[in-house]
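To start, the structure itself, in structure tokens.
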Amino acid sequence: MEVEMGSGPDQERPASNSSGSARAQSLEIVAIKAGNPAVAKGKPARVFQFDMWTLCLFFFIYVQLFVLMIFVGAYRGWTSNALQIYPDPSINDTRFLPEPSNNRSIDDLTIEEVGVAGRYGPGASGRWYYWRLRPADVNAATRAFVWICYLTHQFSIWWIIYRSQQVKVGYTKGLHWFNVAALVVNLFFHLLHFAQTHITYGALAEDVSISSSQGSVICLLVFVILLEYKDRGMMMGWPTAQHDSKAARALRLNPSVIQVVRKYHGYGFAWAACYTFWYHPMESTWGHFVGFMYTAMLLLQGSMMFTEAHLNKYWRVLNEIWVVVHGGLVAYQTGGPEQLGTRLWPMFTFGFLLVFVLTQLFGLPFWKKMHFAFRFIPLAIYLGIVIWAYSWIPDAQGRTWVRMQEIIRIPAIEYLAALFFYLVLWIMLKVEGKLGRRNRKQLPTNANDEQEVEGRDQAVQNQKKQLGRVQVSKAKQVGFGIAIVVMYTLFVVISMVIQMVDVQVDLTALMVLFIFLFGTGIAVTMRLHPKMLGARL
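Residue numbers (the UniProt record's numbering): 1 to 537.
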């Protein structure tokens, strides 16, 4: 099976077998100098990990930017202060409409407004994004500004990913030119978004569904489950290629499907991060702080493609576990004072945390050195915390112990979606394989023709080895590229239509719909990417 290098975490390391690869790594900085005592004594020289230091530097820069985001909002007198709980009748921020709610005990201002799109019907309080400008304050100019910013950011990152895949380079402890380009582009658009928030404020939230923003990020996390499957399996680090039991062999996922995800997830992940980043204004709340830190981490991870930092397992696990902090804090902060913030935060906090203790945690390398029985310790600790927490977390009627079942909702969605996306890719690979065999010419019956066919096949195989790919015409490559862009455009258009029509579906149900819609489309594009690059997986 031939492969084309992608741009995401955990890529296979290609051999550096050309002078072009050496030139492409010209930005690599190493701590090996003439006369190095370690080298003179025959000891391995320590290599300066410029990529990791760069990652840490930009992480620190983003932290400072988002701290500034909170202080500037407070300086301007924005009442969406960092620790505020929403909806709260004490808030009188004239920038926004009050949060719609069917709970009349809060305040008359928050009663559902029948006939106003997004502010009545099932799940109105979840479907209405609080940090939206009043409709009267939104105009064509404010909309155009944020959409131009988003599209420019999106296509810039996609172009950088595309160019990085054109260069056959190995993984380095330094930086390639496209790493520098991605880092600069992402930082520039963070600064631009900060300025845009304080100039026009309105973000993509004015036009697309909040569930699509949430669904895009969860869809990304679902694909990470497949992407990391080779090293950590599905649960408890099992089953991987190291497990040779009958059960492991029977349940192990097809490595060809996993390889597709590992090679071609870059564009989908970049879309999810950019789309969510531009959905929200840079408001001065802790929920926005941790949310923007999350998208910054995802974009930072993507910027480090083809570096050793991109493969760092601890950094990758941090990218996954951050959703526990973000999901839990945002759900708490928007839970409303009528239930003391206990409405949805337990489901998000303990739901995402369960995925962590069952799957994500075992991406860390030290688990492979420990007995398998130790892997149940995190789960036992988790269950103890859950039992304690639900002994005092009430439902809407004030009852305790009755909500514990909600901790399985998010894991169920993620694991079912992962298996569904796997099945979609598996079916596509099977269909492609059958079509390929059907299109092969029948072998001739006479010996002379057989020798001719064998000779031609051998020549083709030799050409494949030399080129490392099956050539596709430039026109077809452009066509496949357009098809990929059309797919992502459909994602956004569908979200806009759902927002415009005001589909009155519960927030969670709508989010699940988007997860499966986006995931299926991204799976399809993963089979188009190698063709767009002039190769066939």
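Even for Gly, the Cβ is constructed at its ideal location relative to N, Cα and C.
- Go ahead and pull the three-state DSSP assignment for T172. strand
- Query: Comparing alpha-carbon positions, which option in S256, A74, S213, C274 lies nearest E283?
  - Reply: A74
- Message: Using a 10 Å radius around the Cβ and a threshold of 16 neighbouring Cβ atoms, would you call H371 buried or exposed?
- Response: exposed
- Item | Ranges of the alpha helix (DSSP H) found wholly within the region 219 to 272, counting only runs of at least 4 | 229 to 232, 246 to 251, 255 to 264
- Message: According to DSSP, simplified to helix, strand and coil, what is K441?
- Response: For K441, the predicted structure reports a pLDDT of 49, less than 50, and the residue's modelled location is therefore unreliable. A value from the coordinates is still provided. K441: coil per DSSP, three-state reduction.
- Query: Exposed or buried, K531, counting other C-beta atoms within 10 Å across all chains shown (16 or more means buried)?
  - Reply: buried
- Query: Can you list, in chain order, the stretches of the alpha helix (DSSP H) that have 4 or more residues and sit fully within the region 371 to 432?
  - Reply: 377 to 389
- Item | Cα-Cα separation, Y267 to M235 | 26 Å
- Task: Measure from the alpha carbon of V185 to the alpha carbon of each residue in R375, F71, S473, W159, then state which is nearest.
- Result: W159
- Item | Where A136 sits in the DSSP three-state scheme | helix
- Query: Given that a residue counts as buried once 16 or more other Cβ atoms are within 10 Å of its Cβ, and exposed if not, what is F178?
  - Reply: buried
- Query: Are the beta-carbon atoms belonging to L533 and Y162 less than 9 Å from one another?
  - Reply: yes
- Query: Is DSSP giving T334 helix, strand or coil here?
  - Reply: coil
- Task: Return the chain-ordered list of same chain residues with a C-beta closer than 7 Å to the C-beta of V217, the five sequence neighbours on each side being excluded.
- Result: A272, T276
- Message: Could you check whether the region 206 to 215 touches the region 502 to 519, counting it as contact only if at least three pairs of C-beta atoms, one from each stretch, sit closer than 8 Å?
- Response: yes
- Message: Tell me the residue span of the alpha helix (DSSP H) that contains L204.
- Response: Counting along the chain, L204 falls outside any alpha helix (DSSP H), and DSSP gives it neither H nor E.
- Query: Helix or strand or just coil, what does DSSP make of T307?
  - Reply: strand
- Can F480 and L528 be called in contact, C-beta distance under 9 Å? yes
- By Cβ distance below 8 Å, which residues in the same chain neighbour V122 in space, the five residues on each side in sequence not counted? Correcting the residue type first, residue 122 is Pro in the shown sequence and not Val. Q504, V505, D506.
- Item | Three-way DSSP call (helix, strand, coil) for P346 in this model | helix
- Where P530 sits in the DSSP three-state scheme: helix
- Query: Contact check, Q196 vs V146 under 8 Å by CB: the rounded distance?
  - Reply: 6 Å
- Query: In its own chain, which residues sit with a C-beta less than 6 Å from the C-beta of I225, not counting the 5 before and 5 after it?
  - Reply: A418
- Measure from the alpha carbon of D502 to the alpha carbon of each residue in D207, T94, F66, T240, then state which is nearest. D207
- Message: Let me make sure I understand the geometry here. Which of W392, T285, I413 has the alpha-carbon closest to that of M404?
- Response: W392
- Spatially closest choice to F50 from L133, V180, G519, by CA coordinates: V180
- Please go through the same chain and pick out, in chain order, the residues whose beta-carbon is closer than 8 Å to the beta-carbon of T307, but skip the five residues on each side of it. D51, Y171, T172, K173, G174, L175, H176, N179
- Anyone know if the C-beta pair for A205 and H153 falls short of 9 Å? no
- Item | Sufficient close CB pairs (3 or more, under 8 Å) joining the region 246 to 254 to the region 125 to 137 | no
- Task: State the Cα-Cα distance for the pair K369 and F362, rounded to the nearest angstrom.
- Result: 11 Å
- Item | Beta carbon of M297 nearer than 9 Å to that of F60 | no
- Task: Take the Cβ of A523 as the centre, count every other Cβ of all protein chains shown within 10 Å, and call the residue buried at 16 or more, exposed below.
- Result: buried
- Item | Opening and closing residue of the alpha helix (DSSP H) in which M282 lies | That residue, M282, is in no alpha helix (DSSP H); it is neither H nor E in DSSP.
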